[in-house]
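Single-structure report; data block below.
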Amino acid sequence: MNSTIDATQAAANAIQGAAPEVRKGFPLPSSLKVVPGTERAQAAYPYHVQFSKADDERFWFYNSMHFPEPMSAFDMVTAEAAYCALGAANTRVHCLPTTLGIDHRVINGRVYIGGNAVTDPQEIARRTEEFQKRAFYYYENWERLYAQWREKMMALIRQAAAMPKPQLPELEPLEHVHAGRGVASNQDLLDIYQKTLEGYFRMWHHHFEFLLLGYGAYLTFFHFCKKAFPEITDQTIARMVAGIEAEIFRPDDELRRLARCAVELGVDGYFKEGMRAEEILEALRGAGTPGEKWLEELAVSRDPWFNINVGDGFYHYHRGWNDDLSMPFACLPEYIRRVRSGESLERPIERLKAERQQLIAEYRELLSSDEERAAYDQMIGLAHRVFPYVEGHKFYCEHWYTNLFFNKIREFGELLARHGFFPDSEDVFHLTHYELKMAIIDLMTAWSTGSAPRGPERWPAIVAERRAAVREWAKHETPPALGPVPDVIDDPAIVMLWGITRENLDAWLSASNDASSREIRGFAASSGVVEGPARVVKSVEEISRLETGDILVCQVTNPTWAPVFQKIVGAVSDLGGSMSHAAIVAREYGLPAVVGTGNATGRIKDGQRIRVDGSRGIVTVLD
Amino acid sequence: MGSTDIIGWFADIGLDDRLQVGGKGGSLGELERAGIAVPPGFVVKTGAFERFVTALERAAPLRARIEALEADDLAGVEACCKEIRARVEAAELPREVLEEIAAAHAALCRRQTPVAVRSSATTEDASDASFAGLQATYLWLTDLTQTLARVRSCWASLYSVESVCYRRRRGMPEEGVAMAVVVQTMVHARTAGVMFTRSPVTGDRSVISIEGAWGLGSAVVGGEVTPDRWVLGKITGEISVREISDKHIQHVPLPEGGVATVEVAEEHRRAPCLSDEELQALRDIGRRVERHYGCPQDIEWAVEHGTSRILLLQSRPETVWSAKEGVPVAKPAADPLAHVMTIFGGRR
Chain W
1 MNSTIDATQA AANAIQGAAP EVRKGFPLPS SLKVVPGTER AQAAYPYHVQ FSKADDERFW
61 FYNSMHFPEP MSAFDMVTAE AAYCALGAAN TRVHCLPTTL GIDHRVINGR VYIGGNAVTD
121 PQEIARRTEE FQKRAFYYYE NWERLYAQWR EKMMALIRQA AAMPKPQLPE LEPLEHVHAG
181 RGVASNQDLL DIYQKTLEGY FRMWHHHFEF LLLGYGAYLT FFHFCKKAFP EITDQTIARM
241 VAGIEAEIFR PDDELRRLAR CAVELGVDGY FKEGMRAEEI LEALRGAGTP GEKWLEELAV
301 SRDPWFNINV GDGFYHYHRG WNDDLSMPFA CLPEYIRRVR SGESLERPIE RLKAERQQLI
361 AEYRELLSSD EERAAYDQMI GLAHRVFPYV EGHKFYCEHW YTNLFFNKIR EFGELLARHG
421 FFPDSEDVFH LTHYELKMAI IDLMTAWSTG SAPRGPERWP AIVAERRAAV REWAKHETPP
481 ALGPVPDVID DPAIVMLWGI TRENLDAWLS ASNDASSREI RGFAASSGVV EGPARVVKSV
541 EEISRLETGD ILVCQVTNPT WAPVFQKIVG AVSDLGGSMS HAAIVAREYG LPAVVGTGNA
601 TGRIKDGQRI RVDGSRGIVT VLD
Chain G
1 MGSTDIIGWF ADIGLDDRLQ VGGKGGSLGE LERAGIAVPP GFVVKTGAFE RFVTALERAA
61 PLRARIEALE ADDLAGVEAC CKEIRARVEA AELPREVLEE IAAAHAALCR RQTPVAVRSS
121 ATTEDASDAS FAGLQATYLW LTDLTQTLAR VRSCWASLYS VESVCYRRRR GMPEEGVAMA
181 VVVQTMVHAR TAGVMFTRSP VTGDRSVISI EGAWGLGSAV VGGEVTPDRW VLGKITGEIS
241 VREISDKHIQ HVPLPEGGVA TVEVAEEHRR APCLSDEELQ ALRDIGRRVE RHYGCPQDIE
301 WAVEHGTSRI LLLQSRPETV WSAKEGVPVA KPAADPLAHV MTIFGGRR
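These protein sequences, in sequence, are chains W and G.
Okay, so the first sequence: first residue is 1 according to this note's numbering, each after it adds one.
Okay, so the second sequence: first residue is 1 according to this note's numbering, each after it adds one.
Pasting the structure below:
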């Protein structure tokens, strides 16, 4: 691993950024160079997300929580759509008093983001008044608006699922002609593409409709607890608020159910470690009624709960379980073994609910006055009201809808590949969404004129170059942050969504100064202490390398990896707060976890023995 | 044997009997009644002291002489106290007092169990902690003779110069000044220490702080060894802090009575002196005691050598943070939504 900026340069920048008063800082954006040979791939990203000289004045951090790997040209649409929608909600819809939206920049395939704080007291006051007219209305009518949200979201999902497959017949079908349809089939391509893109942008608006308000209400309770109980752990607060039947647990619950079914139906013998999903399905199809019965149960689980992808849904290659059964099937043998040994594998919902109620009541009792107890009741009431959305939205947005979206683009990839635009349908993801529209219109035009499309001359070389660039970028580490460190980070969006505070920036800075230290600090996400070999997993494809007894070290722990949590003994991540879904899953499995370490994947070597202290948020390298 | 106005067994007494059994004795009785294991014992009540003083007064005046003293006349106070203490330590005990203590001692120490003798003052309370001379403690007494001598030493401590000056300065009448004495079997501790049912660092009531080291608790209380330290969630039991220190020495009882400081074997020095199960058992006890008293507690505990039984030696209300409480962290708002402005409103 080599860094694109060397240490002396970084030090010089730190000093330069410090003038006139000595101020700690990260490298300036202008010092970050595009990896030689990838300049054209970099230039493919929209002009408004390229770093400029003026950006040196601002603080940026690498959003490795959402974009842990270099982004291909098409996948960047997620950053565009998400920040468009997030900013709209914060800046113009709810009018958060102290912050506007979040700007993003892209270099070497990495997405850096920066907040846009409101500091003028008069403006804050004006926005506060607006905020109370808007956000408070949402809080007051939360249940109704959230029910409405689910309907809107499901309508959007149905629309995307019903979108026809893009194809070009040789001649316009006769029934179109006789029906007087008028618009020819080549126009369908553009319609489908534009609706697909439009749907994705709209989905992100839905995603942010409630999100900041939800996190804010949760954090209000969180801060109260931290003041009333200065030593309470973050995970205890999360346990008081987290839902027990949240959507995020369902895919894993379904796997457990399928494991039980397999044992009950007597087809458990077909699930052997190391077998491919296809082989198992084939064997079951030939296994008579019990096999068919299990396959029916599988179909029930798949719709909708296998619409979950193996990543966070931000990359086209984070395939859904429905598209790639290898992930869920890889976990079945272990679940089946546990069922055979007498475990029920059922989550004790009622007991978990009772325990949560008791936890809430016992902390309440410790408060020093009835006044405090009344305030506690108000805040936890609001947190409980908003939390189903906070936990549930991801399944509908980042998983279900995103799978449909990327699969539709994949269909365009197949069509274009068939017409020679590039060798492989997956190559479509090396075009930006603007370029893809261009390529589609090229094909539409060729279909109408009867000439050959021009794309086949143009795209194969570009695709090859960009594929190489993404591969090259992945070899280079990128600084966790850029530019001068602000005195305070008062942007609730950044604190809430990325868990970034002034304190942990200082920790990142000192970590980069003291890379030899054996201790890495992060958020205590799930309590307990464990030692074991580190498995540094930098991309989703590497998940299969995890073996029983390993400690997972990754850029972002992902809740959809839940089933792998039964193999590992602990988890460490670069980004994420203690209320991240990952932390919740770690707690669910009772595994020690430390999240938000900044750069654990860079500092821990694969195979090294490490100790994870999930109660204190410390990871120690042992050898 | 049962309790009388001379002897009170722990099971028969509580904090309401403070005037007869003193604060320490009452607290031990209270713990035993609440079902918390304490080393077995009894209190020599103030009734015994009163009889003893009455017998002394018959020989020569005592209380009147104290009341005649001027607090500023240090030489006079010193001379008088010295003489009275000598009388208290030398005089024979009234027959019924001697017999009852002897019988209780025999019942308590069937196999020559060593005992501790501690003063248990009736006036002792948090704000009066400086009431000097009322904290006498004598450990590892192996027979009745030593025990009786130390009961008298506790009584005599009421007539220390500091104690008498304190009363004279406040013009307190001597009538009613009395001392109870706790006689309690010693715990041969494998591990001992202290427990606060709130954080001593932040005052957080949701955690329990436990400090302990090998051997008798005196090494921890006296600051001779850096104890291991743990912080547990009071409700969750989650162990958020584990600091295992180098515990180089420990206090151990001597067969002939008394305590010796010995080095801890190399392999034990950096080993935790409590298991996780013991930590959880202590937490459970801490919660029960706190609930019984209705306020955070400052507790001394020991784990018995051999049996690993946990016994409480003392529990008193925590005073430092309790005194600071007052301003609520947050008040209920007319509109509950107003609370979210603490997040969205920015720094004010």
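Using N, Cα and C, we set each Cβ at its ideal position, and we do this for glycine too.
The region 132-150 of chain W: which residues have C-beta closer than 9 Å to a C-beta of chain G, in chain order? Under the 9 Å Cβ criterion, the region 132-150 of chain W contributes Q132, A135, F136, Y139, E140.
Which listed residue (P317/G, D17/G, Q280/G) has its alpha carbon closest to that of H292/G: For H292/G, the nearest C-alpha among the options comes from P317/G.
DSSP beta-bridge partners for I249/G? Looking at the DSSP assignment, I249/G forms a beta bridge with E263/G.
Distance, Y62/W Cα to R250/W Cα: For R250/W and Y62/W, the distance between alpha carbons rounds to 31 Å.
DSSP three-state call for A126/G: helix, strand or coil? For A126/G, the pLDDT reaches just 39, beneath the cut-off of 50, and the residue's location in the model is therefore unreliable, leaving the point undetermined.
Where in the region 489-573 of chain W do unbroken runs of the alpha helix (DSSP H), each at least 4 residues long, occur, reported from the N-terminal end onward? Entirely contained in the region 489-573 of chain W, the alpha helix (DSSP H) runs reaching 4 residues are, in chain order, 492-498, 502-513.
Runs of 3 residues minimum, wholly inside the region 170-234 of chain G: which ones carry the beta strand (DSSP E) assignment? Fully enclosed beta strand (DSSP E) runs of 3 or longer: 179-185, 189-196, 207-214, 228-233.
Classify L575/W as buried or exposed, calling it buried when 16 or more other Cβ atoms lie within 10 Å of its own Cβ. Burial call: buried.
Where L367/W sits in the DSSP three-state scheme: Coil.
Residue-level contact to chain W via CB, S199/G, 8 Å cutoff: Interface residue, yes.
Measure the C-alpha to C-alpha separation of P296/G and A323/G and round it to an integer number of angstroms. Cα to Cα, P296/G sits roughly 12 Å from A323/G.
For G222/G, return the contacting residues in chain W, with the cut-off set at a CB-CB distance below 8 Å. None at all; the shortest Cβ gap to chain W is about 27 Å.
So which residues of chain W does E83/G contact, with C-beta pairs closer than 7 Å? Result: empty, since nearest Cβ-Cβ is about 51 Å, beyond 7 Å.
May I ask you to report which of helix, strand or coil DSSP gives Y62/W? Looking at Y62/W - three-state DSSP - the assignment turns out to be strand.
Grab me the residues of I349/W's own chain with a C-beta within less than 7 Å of its C-beta, minus the 5 sequence neighbours each way, in chain order. Excluding residues within five positions, the ones whose Cβ falls inside 7 Å are I244, E245.
Mind checking E247/W: buried by the 16 CB within 10 Å criterion, or exposed? Answer is buried; the Cβ neighbour count reaches 16.
According to the neighbour-count rule (16 or more other Cβ atoms, all chains shown, within 10 Å of its Cβ), is P164/W buried or exposed? Looking at its Cβ environment, which holds fewer than 16 other Cβ atoms inside 10 Å, P164/W is exposed.
If you pair each beta-carbon of the region 50-65 of chain W with each one of the region 174-185 of chain W, do three or more pairs fall below 8 Å? With the cut-off at 8 Å, the region 50-65 of chain W and the region 174-185 of chain W do not touch.
Just tell me which of G294/G, R190/G, V320/G has its CA closest to the CA of S308/G. Closest option to S308/G, Cα to Cα, is R190/G.
In or out: A156/G buried (at least 16 other Cβ within 10 Å) or exposed? Burial call: buried.
Name the chain W residues whose beta carbon is nearer than 8 Å to that of K355/G? Residue 355/G cannot be examined here, being either before or after the span of chain G that is shown, 1 to 348.
Could you say which of T220/W, L505/W, Q159/W, G320/W lies nearest to L197/W if we only look at CA atoms? Nearest option by C-alpha distance: Q159/W.
Between the C-alpha atoms of A507/W and V485/W, what's the straight-line distance to the nearest angstrom? Distance between the alpha carbons of A507/W and V485/W: 12 Å.
Which residue marks the beginning of the alpha helix (DSSP H) containing V267/W, and which one marks its end? Looking at the DSSP string, V267/W is not in any alpha helix (DSSP H), and its letter there is neither H nor E.
Three-state class that DSSP yields for D143/G in the structure shown: DSSP places D143/G in coil when its eight states are reduced to three.
Where do the N-terminal and C-terminal ends of the alpha helix (DSSP H) with H105/G fall, by residue? Annotation: the continuous alpha helix (DSSP H) that includes H105/G extends over 95-108.
Can you give, in chain order, each stretch of the alpha helix (DSSP H) that sits fully within the region 4-76 of chain G and has at least 4 residues? Listed in chain order, they are 18-33, 46-59, 63-67.
Start and end of the beta strand (DSSP E) containing A116/G? Its beta strand (DSSP E) spans residues 115-121.
Simplified DSSP assignment, three categories, for S615/W: Of the three classes helix, strand and coil, the one that applies to S615/W here is coil, per DSSP.
Assuming P317/G is part of the alpha helix (DSSP H), what are its boundary residues? For P317/G, there is no enclosing alpha helix (DSSP H); the enclosing beta strand (DSSP E) has its first and last residue at 310-317.
Along chain G, which residues have their Cβ under 7 Å away from the Cβ of I227/W? Residue identity check: residue 227/W is Lys in the sequence provided, not Ile. When 7 Å is used as the limit between beta carbons, K227/W is near these residues of chain G: V329, in chain order.
Give the interface partners of P230/W over in chain G, defined as CB-CB distance under 8 Å, in chain order. Those are S199, T202, G203, D204, listed as they occur along chain G.
Around the C-beta of D120/W, are 16 or more other C-beta atoms found within 10 angstroms, so that it is buried, or is it exposed? By the 10 Å Cβ count, D120/W comes out exposed.
Compare the C-beta of T191/G against all C-beta atoms of chain W and say whether one is closer than 8 Å. By this cut-off, T191/G is not an interface position.
What residue does the beta strand (DSSP E) around E304/G start on, and which one ends it? Where E304/G is concerned, the enclosing beta strand (DSSP E) stretches over 297-304.
For the region 460-492 of chain W, list every residue whose C-beta sits within 8 Å of some C-beta in chain G, in sequence order. Within the region 460-492 of chain W, the residues whose Cβ lies closer than 8 Å to some Cβ of chain G are V488, D490, P492, listed in chain order.
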